[in-house]
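Notes follow the structure.
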Amino acid sequence: MIAAEYGYEVLPGVALDTPGVEEVLRRRERGLRWGVLALAAEVMASVAVLVTAGPGSTAAVVTAVCLAPVIAVTAGLTWLWWRARRKERLVLRTYGWQVWPVRTAEVRVVAAEGERAQGRRWATDGRVVLLQPDGRSHCSFPVPGDGWDGPPPRGRRRDDQVWFAGDTRFGGMIAEPGGLPFRHVVRSAPGKRRGSGAEDELARRAGLMPRNRRPGS
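For the sequence shown, position 136 matches number 136 in UniProt numbering, and the numbering has no gaps at all.
Here you go:
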């Protein structure tokens with residue numbers, strides 16, 4: 001693990017064992033029930049109209065045309081919610097917290113709108129920069145927006161340190177010191193650093209390593 005190689009503190013156990021994290025995850029996962037209930041209600045409504053009016057009736061056709069896209073959207077959003085919660089839990093139960101020095105910075109990124117140079121359009125975007133021991137950038141993630149999970153830390157907030165659980169080549173969970181609140185982050189492009197066999201195994205287990213990425217690359 002690169003954090004240990006840098007001499008940074010890696011807390012024992014896994015991030016999921018942090019007091020309060022499991023509770024926050026379960027609360028988030030309960031939101032899946034609303035998606036399932038909405039999907040069930042939409043399907044039952046369409047079946048009721050089909051049974052009452054008949055398969056070939058105008059009412060059945062209109063209902064199918066109107067509800068089919070709604071059912072598809074609800075199913076898609078429910079699946080995306082489930083997938084996001086599953087990924088969070090996988091990362092938190094695979095990795096322990098790593099304590100990283102950090103700073104925020106504005107970087108140039110390719111964008112749809114912005115200043116044109118070298119055949120591309122460029123804009124600036126905020127980044128959370130994890131630092132090497134010499135103060136240089138190790139990697140950066142987009143600044144997490146709204147939706148931090150969990151209560152804010154008590155007392156004075158440290159702005160020079162974060163806790164990170166995951167693989168800095170790909171992403172993971174970033175948290176305030178103490179483990180709460182936390183937020184899922186993903187690198188804009190996977191890092192090119194070669195990982196050890198153990199690092200690659202953890203990344204695969206947590207669902208962080210892209211399927212088309214070969215081990216050790």
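From the three backbone atoms N, C-alpha and C, an ideal C-beta is built for every residue, glycine too. Small disclaimer: the values here were computed from a predicted structure and weren't measured.
Q | Buried or exposed (CB count within 10 angstroms, at least 16 for buried), residue 18 | A | Position 18 of the sequence shown, counted from the start, is the residue given in the question as residue 18. Counting Cβ neighbours within 10 Å, residue 18 comes out buried, since at least 16 surround it.
Q: Tell me whether residue 41 sits in a helix, a strand or coil according to DSSP, three-state version.
A: To locate residue 41, count along the sequence shown from 1; it is residue 41. Correct three-state label for residue 41: helix.
Q: Over the uninterrupted alpha helix (DSSP H) stretch that includes residue 82, give me the two end residues.
A: For this step, residue 82 is matched to residue 82 along the sequence shown. Its alpha helix (DSSP H) spans residues 58–94.
Q: Return the chain-ordered list of same chain residues with a C-beta closer than 8 Å to the C-beta of residue 131, the five sequence neighbours on each side being excluded.
A: The residue you call residue 131 lines up with position 131 of the sequence shown. Only 100, 101, 102, 103, 137, 138 meet the Cβ criterion.
Q: Identify whether residue 36 lies in helix, strand or coil by the three-state DSSP scheme.
A: Your numbering for residue 36 matches position 36 in the sequence shown. In the three-state reduction of the DSSP assignment, residue 36 falls in the helix class, which pools H, G and I.
Q: Can you tell me which of the three DSSP states residue 14 falls into?
A: Locating residue 14 in the sequence shown gives position 14, where the first residue counts as 1. Residue state, collapsed to three classes: coil.
Q: Take residue 63 as the anchor and find which of 188, 142, 46 has the nearest alpha-carbon.
A: Counted from its first residue, the sequence shown places residue 63 at position 63. Taking each of 188, 142, 46 in turn and checking the Cα distance to residue 63, the smallest one comes out for 46.
Q) What residues are listed by DSSP as bridge partners for residue 175? A) Position 175 of the sequence shown holds residue 175. Residue 175 is bridged to 163, 182.
Q. Hey, is the region 14–29 in contact with the region 173–181, meaning 3+ C-beta pairs nearer than 8 Å?
A. Segments in contact, yes.
**Q.** residue 52 versus residue 25: straight-line alpha-carbon distance, rounded
**A.** Within the sequence shown, the letter at position 52 stands for residue 52. Within the sequence shown, the letter at position 25 stands for residue 25. Distance between residue 52 and residue 25, taken at the CA atoms: about 42 Å.
Q.
For the beta strand (DSSP E) containing residue 131, name the first residue and the last one.
A. Translated into positions along the sequence shown, residue 131 becomes position 131. Boundaries of the beta strand (DSSP E) harbouring residue 131: 120–131, taken from the DSSP string.
Q. Can you name the residues that DSSP bridges to residue 9?
A. Here the question's residue 9 lines up with position 9 in the sequence shown. The partner list for residue 9 (beta bridge, DSSP) is empty, contrary to what the question assumes.
Q | Whether residue 129 touches residue 165 by CB criterion (8 Å) | A | Here the question's residue 129 lines up with position 129 in the sequence shown. Here the question's residue 165 lines up with position 165 in the sequence shown. Result no, Cβ atoms of residue 129 and residue 165 do not sit closer than 8 Å.
Q: Tell me whether residue 127 is buried or exposed, calling it buried when 16 or more other Cβ atoms sit within 10 Å of its Cβ.
A: Walking along the sequence shown from the start, residue 127 turns up at place 127. Buried is the call here.
Q) Between residue 39 and residue 92, what straight-line distance do the alpha-carbon atoms span, to the nearest angstrom? A) Translated into positions along the sequence shown, residue 39 becomes position 39. Translated into positions along the sequence shown, residue 92 becomes position 92. The alpha-carbon atoms of residue 39 and residue 92 are separated by roughly 29 Å.
Q: Note down, in chain order, each residue of its chain lying with its Cβ closer than 8 Å to the Cβ of residue 67, except the 5 sequence neighbours on either side.
A: For this step, residue 67 is matched to residue 67 along the sequence shown. The answer, listed in chain order, is 42, 45, 46.
Q | Per-residue DSSP class, three states only, for residue 268 | A | The shown model of the chain, from 1 to 217, leaves out residue 268, and the question about it has no answer.
**Q.** Length of the line joining the Cα atoms of residue 89 and residue 57
**A.** On the sequence shown, residue 89 is found 89 positions in, with the first residue counted as 1. On the sequence shown, residue 57 is found 57 positions in, with the first residue counted as 1. Rounded to the nearest angstrom, the two C-alpha atoms are 47 Å apart.
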